[in-house]
Amino acid sequence: MGFDVPFIRPVFPSAEVLSVDIAEIVGSNWFTNFGPKEEEFTRAIADYVGSGYSVVTFSNATVGLMAALTCLLGRGDGSQYVIAPSFTFAAGPEAIEWSGYKPLFVDIDASTVQPALADAIAAIDSPEFDIAAILLCNTFGIGNSQIAAWEQLARSAHIPLVIDSAAGFGSTYADGRRVGRAGDCEVFSFHATKPFAIGEGGAVVTRDPGLAIRLKEFTNFGFRDGKGAVALGLNGKLQEISAAIGLRQLAQFDRVLGARHDVLARYMKELALSGVVFPEQIENSSVCFASMLFPDGLARDNVRSNLLAKGVEARAYYSPPVHHQPHFESAARFGGLEVTEDVVSRILSVPVYQDMAEEHIVLILDAIKAGMN
Ligand SMILES: *Cc1c(COP(=O)(O)O)cnc(C)c1O
Numbered sequence: 004m005g006f007d008v009p010f011i012r013p014v015f016p017s018a019e020v021l022s023v024d025i026a027e028i029v030g031s032n033w034f035t036n037f038g039p040k041e042e043e044f045t046r047a048i049a050d051y052v053g054s055g056y057s058v059v060t061f062s063n064a065t066v067g068l069m070a071a072l073t074c075l076l077g078r079g080d081g082s083q084y085v086i087a088p089s090f091t092f093a094a095g096p097e098a099i100e101w102s103g104y105k106p107l108f109v110d111i112d113a114s115t116v117q118p119a120l121a122d123a124i125a126a127i128d129s130p131e132f133d134i135a136a137i138l139l140c141n142t143f144g145i146g147n148s149q150i151a152a153w154e155q156l157a158r159s160a161h162i163p164l165v166i167d168s169a170a171g172f173g174s175t176y177a178d179g180r181r182v183g184r185a186g187d188c189e190v191f192s193f194h195a196t197k198p199f200a201i202g203e204g205g206a207v208v209t210r211d212p213g214l215a216i217r218l219k220e221f222t223n224f225g226f227r228d229g230k231g232a233v234a235l236g237l238n239g240k241l242q243e244i245s246a247a248i249g250l251r252q253l254a255q256f257d258r259v260l261g262a263r264h265d266v267l268a269r270y271m272k273e274l275a276l277s278g279v280v281f282p283e284q285i286e287n288s289s290v291c292f293a294s295m296l297f298p299d300g301l302a303r304d305n306v307r308s309n310l311l312a313k314g315v316e317a318r319a320y321y322s323p324p325v326h327h328q329p330h331f332e333s334a335a336r337f338g339g340l341e342v343t344e345d346v347v348s349r350i351l352s353v354p355v356y357q358d359m360a361e362e363h364i365v366l367i368l369d370a371i372k373a374g375m376n
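Be aware that the sequence shown starts at 4, since it is given in this note's numbering, and climbs by one per residue.
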């Protein structure tokens, strides 16, 4: 299905640039297992996130989430819960299950579309659920505006706070901290569809160097010091070529972020009086796309058909939310998830590229304004 303006359009280094890296990697005959490119990329990500933090790279963020939960909690026996939103990508709840826990879905706040702190507090206080951890999601890569209160909640409940910041590399929290610096650890995805894209890849960032060592062992079969497996691990390593792409992308990233912010600012300014509402803090995110809430589902569906008719691909993320996906239909939920249901009925996300053509910006704005009338 071809769209003139697809929802995501990854921009990668040119074949010429990549052929230089491939030649270097082939010349070194070192393709994976923590080679020089992976080492340099790990250092570069750590520098980006800021001093005092350790970085472990992964083959993707889903394995990073499994590693984070397993290294912090140990593998579960399926009896305990991990708090998570249903309004997210299925990888988080799936990682919870792979780690031996059950997701307990909590609702979100409509103004931020982020997990609702009050629900997490009530879930932890409820005798009904034995809760092992919180998997907070920085949904759409937007830093949670109450992050300090989430950290406080996890501390006072003596449970880990893992943050799925998959799309959030390059985002900042409202308190000025770079996303990556909160909780026990934060997990990034470098999938081809994220603002910082290398194809398949991810990283876990933590201020705990001991956790970083266990995470790295987890990606390498649980091996330690020539003793073989000392803990249950798997293969989650990042290849050299992927790290090389990451280094190239990082060199361009400030410019890319600036361009993405410019497109978002344009949408926000021109739609300021339209009745469309953007999630709080989206302007401090790396802007994977522009999500917006319409007054009702009818307006959203009108806008979506207008966009489709003009060749623009827009998506109603996250619809269906995870608790409506067949595998998770019987998963536990805290309350009725009414806000999640409401938000999925009237949210729409439209494309943001780093090199977006003016005519496409205008096309999208006109389609939105027309659908609101
Ligand atoms: C993309 C995404 C993931 C999965 O990342 P992979 O690198 O593809 O495994 C997990 N959680 C969220 C919220 C995502 O957006």
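Think of the CB as a built atom: it goes at the ideal place given N, C-alpha and C, for glycine as much as any other residue.
Return the bridge partner residues of residue i from the DSSP annotation.
{"i": "A136", "result": "V85"}
{"i": "P106", "result": "V85"}
{"i": "T35", "result": "None; T35 has no bridge partner."}
{"i": "N223", "result": "N238"}
{"i": "R181", "result": "T175"}
{"i": "H194", "result": "G202"}
{"i": "P118", "result": "I111"}
Secondary structure at residue i, three-state DSSP: helix, strand or coil?
{"i": "M295", "result": "strand"}
{"i": "N2", "result": "Because residue 2 is not part of the residues shown, which for the chain are 4 to 376, the question remains open."}
{"i": "I162", "result": "coil"}
{"i": "L241", "result": "coil"}
{"i": "D167", "result": "strand"}
{"i": "S57", "result": "strand"}
{"i": "V8", "result": "strand"}
{"i": "A275", "result": "coil"}
{"i": "E332", "result": "coil"}
{"i": "E189", "result": "strand"}
{"i": "L351", "result": "strand"}
{"i": "I145", "result": "coil"}
{"i": "N287", "result": "helix"}
{"i": "I201", "result": "coil"}
{"i": "T175", "result": "strand"}
{"i": "T209", "result": "strand"}
{"i": "P96", "result": "helix"}
{"i": "R46", "result": "helix"}
{"i": "R318", "result": "strand"}
{"i": "A370", "result": "helix"}
{"i": "V14", "result": "coil"}
{"i": "V259", "result": "helix"}
{"i": "V266", "result": "helix"}
{"i": "V325", "result": "helix"}
{"i": "V280", "result": "strand"}
{"i": "A123", "result": "helix"}
{"i": "A232", "result": "strand"}
What does the Cβ neighbour count give for residue i, buried or exposed, with the cut at 16 atoms within 10 Å?
{"i": "D112", "result": "buried"}
{"i": "H330", "result": "exposed"}
{"i": "V233", "result": "exposed"}
{"i": "H161", "result": "exposed"}
{"i": "S294", "result": "buried"}
{"i": "F44", "result": "buried"}
{"i": "D187", "result": "buried"}
{"i": "L218", "result": "buried"}
{"i": "Q155", "result": "exposed"}
{"i": "N32", "result": "exposed"}
{"i": "G146", "result": "buried"}
{"i": "L311", "result": "exposed"}
{"i": "S288", "result": "buried"}
{"i": "G236", "result": "buried"}
{"i": "A119", "result": "buried"}
{"i": "K2", "result": "Residue 2 lies beyond the range of the chain shown here (4 to 376); nothing can be said about it."}
{"i": "E220", "result": "buried"}
{"i": "L340", "result": "buried"}
{"i": "V20", "result": "exposed"}
{"i": "F191", "result": "buried"}
{"i": "F34", "result": "exposed"}
{"i": "S378", "result": "Residue 378 lies beyond the residue range present for the chain, which begins at 4 and ends at 376; the question has no answer from this structure."}
{"i": "E243", "result": "buried"}
{"i": "K40", "result": "buried"}
What whole-angstrom Cβ distance do residue i and residue j have, given they're in contact under 8 Å?
{"i": "V347", "j": "A319", "result": "7 Å"}
{"i": "N141", "j": "G171", "result": "5 Å"}
{"i": "G55", "j": "R181", "result": "Actually they do not touch by this definition, with Cβ atoms about 12 Å apart."}
{"i": "A123", "j": "I86", "result": "5 Å"}
{"i": "I364", "j": "R269", "result": "6 Å"}
{"i": "S148", "j": "A177", "result": "5 Å"}
{"i": "P13", "j": "V116", "result": "Incorrect: roughly 24 Å between the Cβ atoms, too far for contact."}
{"i": "P163", "j": "L75", "result": "4 Å"}
{"i": "G278", "j": "M375", "result": "6 Å"}
{"i": "T65", "j": "E97", "result": "7 Å"}
{"i": "A262", "j": "Q328", "result": "The Cβ separation is near 34 Å, so there is no contact."}
{"i": "S114", "j": "L72", "result": "No, S114 and L72 are not in contact; Cβ-Cβ is about 29 Å, not under 8 Å."}
{"i": "T222", "j": "G239", "result": "4 Å"}
{"i": "A200", "j": "Q252", "result": "7 Å"}
Residue list, Cβ distance to ligand 1 heavy atoms smaller than 6 Å: N63, A64, T65, T91, F92, A94, G95, C140, D167, A169, A170, S192, H194, G205
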